[in-house]
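Chemist:
Chains as they are written, first to last, in this note's numbering: chain A, 1 to 117; chain B, 118 to 405.
#1: Would you kindly work out how many angstroms separate the C-alpha atoms of residue 268/B and residue 261/B, rounded to a whole number?
#2: Per DSSP, which one or two residues make a beta bridge with residue 204/B?
#3: Report yes if the C-beta distance between residue 306/B and residue 274/B is below 8 angstroms; otherwise report no.
#4: Alpha carbon to alpha carbon, how far is residue 155/B from residue 393/B? Give it in angstroms, no decimals.
#5: Hey, would you say residue 54/A sits closer than 8 angstroms to residue 29/A, going by beta carbons?
#6: Residue 278/B and residue 258/B - do their beta-carbons sit closer together than 8 angstroms?
#7: Could you tell me whether the region 55-66 of chain A touches the region 239-251 of chain B, where touching means 3 or more Cβ pairs closer than 8 angstroms?
#8: Which same chain residues, not among the five before or five after residue 9/A, have their C-beta less than 7 angstroms away from its C-beta?
#9: Tell me the rounded alpha-carbon separation between residue 77/A and residue 280/B.
#10: Which same chain residues, not among the five before or five after residue 110/A, have their C-beta less than 7 angstroms away from its C-beta?
#11: By DSSP, does residue 451/B sit in helix, in strand, or in coil?
#12: What residues in the region 183-212 of chain B have a beta carbon less than 8 angstroms from any beta carbon of chain A?
#13: If residue 383/B and residue 88/A are in contact, beta carbons under 8 angstroms, what's the gap, nearest whole angstrom?
#14: Whose Cβ in chain B lies nearer than 9 angstroms to the Cβ of residue 80/A?
#15: Return the first residue and the last residue of the beta strand (DSSP E) that residue 151/B is part of.
#16: By the three-class DSSP mapping on this structure, what secondary structure does residue 372/B have?
#17: DSSP state of residue 11/A, grouped into three classes?
#18: Below 8 angstroms between beta carbons: does that hold for residue 327/B and residue 311/B?
#19: Relative to the C-alpha of residue 355/B, which residue among 263/B, 348/B and 299/B is closest?
#20: Measuring CB to CB, does residue 252/B end up less than 8 angstroms from residue 223/B?
#21: Span of the alpha helix (DSSP H) holding residue 299/B?
#22: Which residues of chain B have a Cβ atom closer than 9 angstroms to the Cβ of residue 84/A, listed in chain order?
#23: Measure the C-alpha to C-alpha separation of residue 265/B and residue 341/B and round it to an integer number of angstroms.
#24: Should residue 380/B go down as buried or exposed, given a rule of 16 or more other Cβ atoms within 10 Å for buried?
#25: I need the DSSP call for residue 32/A, collapsed to helix, strand or coil.
#26: Can you find a C-beta in chain A that's less than 8 angstroms from the C-beta of residue 381/B?
#27: Looking at C-alpha atoms only, which residue of 212/B, 272/B and 233/B is the closest neighbour of residue 21/A?
#28: Check the Cβ of residue 76/A against every Cβ in chain B and list those closer than 8 angstroms, keeping chain order.
#29: By the 10 Å Cβ neighbour count, where 16 or more other Cβ atoms means buried, how is residue 357/B classified, buried or exposed?
#30: Taking 8 angstroms as the cut-off, decide whether the C-beta atoms of residue 218/B and residue 329/B are in contact.
Put into structure tokens, the structure is as follows:
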């Protein structure tokens, strides 16, 4: 739901239902990074009701376009985080596997020497 | 002659001073922007300066573009065990990290027991207490192999897991403790028969049960390798005295932690800022 004025579409309040701080804080962060934004913030009118109001004021661009771009940026950021995270896990597992193999080979060589004696 | 003096004064510019780095914040402002300092009574600079025009008067662009973020962002895994994990995210803001933490706790789906059909319970544990305990049991299964069960759907093999528990303590034998290894997986669906009021129903057809499994869940290859069992088979569910019996069937469905904490996949998830220690060279300290 968007509350704004028909004549001036560079400032609007978007009311999102069934949302909470999780998405509102993240969207507010990406909105702030956008140079077209003069003011942005979010509020939760009542904690028992799952509703979030996000206020966006821009330097002339329509507010809903700026919000859409911010959501898109957030999505790309999360996608990048996901791929970096997957890669870091794989690297960690690979390096740990190498370490485990080295420990195993040391142990087995130690056992062989004991058995021969 | 006054104009000549005025022209000379105009040529002097503050940006020509040698110790103001161009395009960068002076070091004290950079410290304020990027670090939270822990002082004697409280931490300061905790709010992160996110506004893109915050340093516009100095000519510095604080907006973060996606390419800069992609280049600077790193993940380093510190520890990775079967049941817990610790990793560092460098180059990300606290707002996004907090969103990840919230999503981990509340919005990742898992399977948990939702409906408990109790046929017989003569133990001292009340029905609802028993059902509540069964709901909190963690089940070792990949929730991505299942679909959500909504109100209009019928429970079938794609959205339900059926477990059965039938223990009894015979008269004369000592008290027994019912642990989770007594919970058996039924890959063919429910075995409890629904009472049909239709007296003219065909007696040779299969009796109607509480689930409508089209095929057995055993044939799915993931379950052949890892049969669905509770994760910790030594959790105590109930204790029975002589002559007491529990017979029930439990149906597990997919859900998220927002609805009920039993569907939360993590015991907990938290984040903290990476600590940075700077030792001031000027102070002398005694080494013991």
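Positions of the beta carbon are idealized from the N, C-alpha and C atoms, including for glycine. It should be emphasised that the depicted structure is a prediction, and the values quoted were computed from it without experimental measurement.
Modeler: In short, the structure shows the following:
#1: 20 angstroms
#2: 194/B
#3: yes
#4: 10 angstroms
#5: no
#6: yes
#7: no
#8: 62 and 63
#9: 41 angstroms
#10: Because the pLDDT at residue 110/A is just 44, under 50, the model does not fix this residue reliably, and the value given afterwards should be weighed accordingly. If we look at residue 110/A and ignore the five residues flanking it on each side, it has no Cβ neighbours.
#11: Past the edges of chain B, shown from 118 to 405, lies residue 451/B, and the structure says nothing about it.
#12: 183, 186, 187, 190, 191, 192, 193, 194, 197, 204, 206, 209, 210 and 212
#13: Not a contact, Cβ separation roughly 19 angstroms.
#14: 183, 186, 187 and 190
#15: From DSSP, residue 151/B is part of no beta strand (DSSP E) but of the alpha helix (DSSP H) over 144-151.
#16: strand
#17: strand
#18: yes
#19: 299/B
#20: no
#21: Looking at the DSSP string, residue 299/B is not in any alpha helix (DSSP H), and its letter there is neither H nor E.
#22: 187, 190, 191, 192 and 206
#23: 22 angstroms
#24: buried
#25: helix
#26: no
#27: 212/B
#28: 183
#29: buried
#30: no
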